[in-house]
Structures are given as C-alpha cells and as structure tokens.
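Below you'll find the structure, written out as structure tokens, and then a few comments.
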Amino acid sequence: RQHPPMHRRQFLAAAGLAATVLPAALAVEAPPKRLFTLDLTPGAIGVSADLPEILRLAHGHGFESAQPDGGYLARQDADGLRRTRARLAELNLRWGAAGLPVEFRQSEEAFRKDVAALPRIAAALRDAGVTRIGTWLMPGHNELSMEANMDQHAKRLREASRICADHGLRLGLEYVGTPSLAARFKFPFVRRLPETLELLRRIDVPGTGLVLDSWHWWTAGDSLDALRQVRNEQVVAVDLNDAPAGVALADQQDGRRELPAATGVIPVEDFLRALAGMRFDGPVRAEPFNAPLNALDNEAACARTIEALKKAVAQASL
Numbered sequence: 006r007q008h009p010p011m012h013r014r015q016f017l018a019a020a021g022l023a024a025t026v027l028p029a030a031l032a033v034e035a036p037p038k039r040l041f042t043l044d045l046t047p048g049a050i051g052v053s054a055d056l057p058e059i060l061r062l063a064h065g066h067g068f069e070s071a072q073p074d075g076g077y078l079a080r081q082d083a084d085g086l087r088r089t090r091a092r093l094a095e096l097n098l099r100w101g102a103a104g105l106p107v108e109f110r111q112s113e114e115a116f117r118k119d120v121a122a123l124p125r126i127a128a129a130l131r132d133a134g135v136t137r138i139g140t141w142l143m144p145g146h147n148e149l150s151m152e153a154n155m156d157q158h159a160k161r162l163r164e165a166s167r168i169c170a171d172h173g174l175r176l177g178l179e180y181v182g183t184p185s186l187a188a189r190f191k192f193p194f195v196r197r198l199p200e201t202l203e204l205l206r207r208i209d210v211p212g213t214g215l216v217l218d219s220w221h222w223w224t225a226g227d228s229l230d231a232l233r234q235v236r237n238e239q240v241v242a243v244d245l246n247d248a249p250a251g252v253a254l255a256d257q258q259d260g261r262r263e264l265p266a267a268t269g270v271i272p273v274e275d276f277l278r279a280l281a282g283m284r285f286d287g288p289v290r291a292e293p294f295n296a297p298l299n300a301l302d303n304e305a306a307c308a309r310t311i312e313a314l315k316k317a318v319a320q321a322s323l
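Residues 6 to 323, numbered by the numbering used here, are exactly what the sequence shown covers, in order.
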C-alpha cells in the first residue's frame with residue numbers, strides 16, 4: 006500500500022483543508038506491505054507426497070512457497086536438481102524452510118551420525134536454491150540442568166550451524182512454550198524468546214536465527230513488544246497457529262492446535278502485523294497438528310490450510 010504523498014498532505018494542512026478534504030482513514034498509517042510468503046509445509050497438515058507433487062499442490066492451491074525436502078533433493082543428480090529449480094520457477098514458487106535432519110537432543114552417538122551426513126544434504130539444498138533450514142528445541146531435560154543443557158545445545162548446534170552456513174543455509178531455532186509439555190521434565194530449558202536469543206548468542210554463527218510460532222509465542226507468555234523488537238534478519242521461518250477455545254492456557258496440549266484465525270484465542274492479527282512491521286520476507290506456514298485436518302486427503306487439507314492462512318492475512322489487513 007502506498008502512503009499519500011507527503012507534499013500533498015503538507016499542502017492541504019497548510020491550506021487548512023486537511024481535515025475536510027482528507028478522509029479520516031488516511032490519518033491512520035497504513036500497515037506495511039506483506040513481504041512474507043504463504044507456505045505449504047506438508048507434514049504439518051497431514052499431507053504426504055513426494056516433492057514434485059508438493060510443488061503441484063502448492064501451485065494449484067495458491068501457496069506462494071513450499072517446504073523443500075532435503076532427503077529427496079540429496080537423492081537427485083545435478084540434472085535432477087536443475088530440473089527441480091526450473092519447475093519451482095515455472096510455478097512461480099519460492100522455497101520455504103527445510104527441516105534440519107540432525108538429532109541433537111539425544112545421545113552424542115546419534116548427533117555424530119546425523120551431523121556427519123549433513124554436508125551432503127546441505128549441498129543438495131544449496132544446489133536446489135534453498136537458503137533456509139530450521140529445527141525445534143525441547144523445553145526441558147530429565148538429566149541436564151538449564152546451564153548444562155545450554156552448553157550442550159550451543160556446542161552441537163554451533164557445529165550444525167557452521168555446516169549450514171558453509172552451504173548458504175540460515176538455520177532457525179524454534180522455542181517451545183507449551184506449559185503442559187515443559188512440565189514433563191525435571192529441569193526446564195529454553196521456552197521463551199529471550200532464552201532463545203541467549204542460546205543464539207552462545208552459538209555465535211552469523212545467519213543463525215529464530216523460527217517463530219504464534220502458538221509458542223502465546224503459550225510462553227511472550228509480549229507483543231518483545232516480538233516487535235525482533236528484526237527480519239533474525240527470523241528464518243514462522244509458524245502460524247490458533248488454539249482451541251475453552252481450554253485454559255496451562256491445559257493446552259502441544260499436539261492439539263487449530264488452523265490460523267480459527268478461534269481467535271491467539272491474537273494472530275497482532276502477530277502478523279508485527280511480522281509485517283519487521284518486514285519479514287520468509288515463509289509463514291500453518292502447523293496445527295490437528296486431527297480432523299490430518300484426516301482429510303491431500304487436496305482438501307491444502308484447500309483448508311490456504312483458506313485459513315489467507316483469512317488470517319486478510320484480518321490483519323496485509
């Protein structure tokens with residue numbers, strides 16, 4: 006949206022005409038133009054298909070980006086990667102964020118095995134034109150204290166982040182704010198925005214940033230002001246969800262969410278306006294873990310999801 010030219014506004018004000026000539030609506034600053042994409046992340050909505058079919062579904066239902074599948078891309082030769090990039094461009098789509106294929110939350114052995122395979126997958130993602138990759142943080146541990154767990158996460162994720170960065174990928178970390186999930190652990194861990202920013206500071210790899218989720222932002226009790234302090238270059242990807250109505254925050258379950266703007270429990274409009282205000286230019290995807298949605302076939306699930314994303318954007322006037 007374009008702002009009214011300032012010279013015209015000043016002229017009218019000087020002439021004493023602004024109050025009578027300019028509509029009252031123009032006195033309110035228009036929201037920033039939306040730069041983020043409405044993204045299809047299939048597993049989050051119960052859609053199962055190979056990457057070519059995901060791209061077809063994304064284009065057919067009006068999504069603007071789609072999640073890249075690192076495993077699929079790593080199985081392609083150079084020509085296959087070239088054709089995938091050409092298909093993405095043909096459909097006028099962008100890449101969303103891939104999932105980090107590294108188990109860093111469990112044993113050192115599991116981490117070593119996965120991180121050894123990461124360069125090959127990261128190279129395939131890079132060659133396909135992907136620039137974003139993300140993962141999530143467990144909000145507690147039964148053996149490691151907050152500080153010990155912070156040290157372990159920083160060490161392991163620093164190694165993974167460097168591999169990603171070497172291949173042109175920005176790694177995003179998603180904090181999990183759901184109180185009922187955090188309560189299962191003996192020792193708490195990162196579950197709010199400030200704590201995640203501290204972990205990123207310790208990792209200290211340029212380009213490593215956040216995966217923001219309206220659900221976790223809300224369940225963690227993070228403020229709108231805190232969200233507005235985040236900059237576009239700090240955010241890799243965004244999940245957009247609503248919460249079931251009639252359930253106390255403390256009783257909300259991480260695996261039972263609603264599509265964006267379904268209930269109005271989470272102030273999704275404010276969340277989206279904050280994203281627009283920081284000029285976020287990455288993928289925004291639904292991740293409702295919703296059983297009725299998961300029960301639908303691929304076409305119906307995609308149709309319901311893009312409808313919800315567009316409704317949320319419209320309600321935020323973006």
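We put the beta carbon where it would ideally sit given N, CA and C, even for glycine.
Glu179 (DSSP reduced to helix, strand or coil): The three-state reading of DSSP puts Glu179 in strand, counting E and B together.
Cα-Cα separation between Ala52 and Asn299, rounded to whole angstroms: Looking at the sequence provided, one finds Val at residue 52 rather than Ala. So the alpha carbons of these two residues sit roughly 7 angstroms apart.
Ser150, buried or exposed, once every other Cβ within 10 Å from all chains shown has been counted against 16: Exposed.
Separation of Gly214 from Thr201, as counted between CA atoms: If you take the alpha carbons of Thr201 and Gly214, they lie about 9 angstroms apart.
Environment of Leu229 [buried if 16+ CB atoms lie within 10 Å]: Here Leu229 is exposed. Its C-beta has fewer than 16 other C-beta atoms within 10 Å.
Three-state secondary structure assigned by DSSP to Leu245: Note: Leu245 maps to strand in three-state DSSP.
Close beta carbons around Thr136, own chain, < 8 angstroms, minus the five adjacent residues each side: Taking C-beta separations shorter than 8 angstroms and ignoring five residues to either side along the sequence, the partners of Thr136 in its chain run Trp100, Gly173, Leu174 and Arg175, following chain order.
Segment contact, 8 angstroms Cβ cut-off, at least three pairs: the region 306-316 with the region 48-66: Judged by pairs of C-beta atoms under 8 angstroms, the region 306-316 touches the region 48-66, as three or more such pairs exist.
Where Ala128 falls: helix, strand or coil (DSSP): In the three-state reduction of the DSSP assignment, Ala128 falls in the helix class.
Straight-line Cα distance separating Asp119 from Ala225: Between the alpha carbons of Ala225 and Asp119 lies a distance of about 30 angstroms.
Cα-Cα separation, Met283 to Leu217: Taking the Cα positions, Met283 is about 13 angstroms away from Leu217.
Val289, enclosing beta strand (DSSP E) - first and last residue: Run containing Val289: Pro288 to Ala291, per the beta strand (DSSP E) assignment.
Among Ala279, Glu148, Val241 and Ala165, the one whose alpha carbon lies nearest that of Tyr180: Minimum Cα distance to Tyr180 is reached at Val241.
Close Cβ partners of Ala267 (< 6 angstroms) along its chain, the five nearest in sequence each way excluded: Non-local beta-carbon contacts of Ala267 in its own chain, meaning distances under 6 angstroms to residues more than five positions away in sequence, involve Asp247 in chain order.
Spatial distance of Arg196 from Asn237 (CA atoms): So the alpha carbons of these two residues sit roughly 21 angstroms apart.
Endpoints, alpha helix (DSSP H) assigned at Asp44: Counting along the chain, Asp44 falls outside any alpha helix (DSSP H), though it belongs to the beta strand (DSSP E) covering Thr42 to Leu45.
DSSP state of Asp171 mapped onto helix, strand, coil: Three-state DSSP puts Asp171 in a helix.
Three-state secondary structure assigned by DSSP to Asp55: For Asp55, the three-state secondary structure derived from DSSP is coil.
Limits of the alpha helix (DSSP H) - the one that Gly282 falls within: Element bounds for Gly282: Val273 to Gly282.
Beta-carbon proximity check, Pro73 vs Ala103, cutoff 7 angstroms: Yes; because the gap between Cβ atoms is below 7 angstroms, this pair is in contact.
Cβ-Cβ separation, Ile311 to Gly4 (assumed contact under 8 angstroms), whole Å: Since the first and last residues shown for the chain are 6 and 323, residue 4 lies out of range.
Segment limits, alpha helix (DSSP H) that includes Val318: Start and end: Asn303 to Gln320.
Separation of Ala321 from Glu114, as counted between CA atoms: Approximately 46 angstroms between the Cα atoms of the pair.
Three-state secondary structure assigned by DSSP to Val3: This structure does not reach residue 3, given that the chain is present from 6 up to 323, and the question cannot be answered.
Through-space distance from Pro144 to Gln258, alpha-carbon basis: So the alpha carbons of these two residues sit roughly 14 angstroms apart.
As assigned by DSSP and simplified to three states, the class of Glu148: Here Glu148 sits in coil by DSSP.
Local conformation of Asp156 per DSSP, three classes: Reduced to three states, the DSSP call for Asp156 is helix.
Burial state of Ala122 (16 or more Cβ within 10 Å): A residue is called buried when at least 16 other Cβ atoms come within 10 angstroms of its Cβ; Ala122 does not meet this threshold and is exposed.
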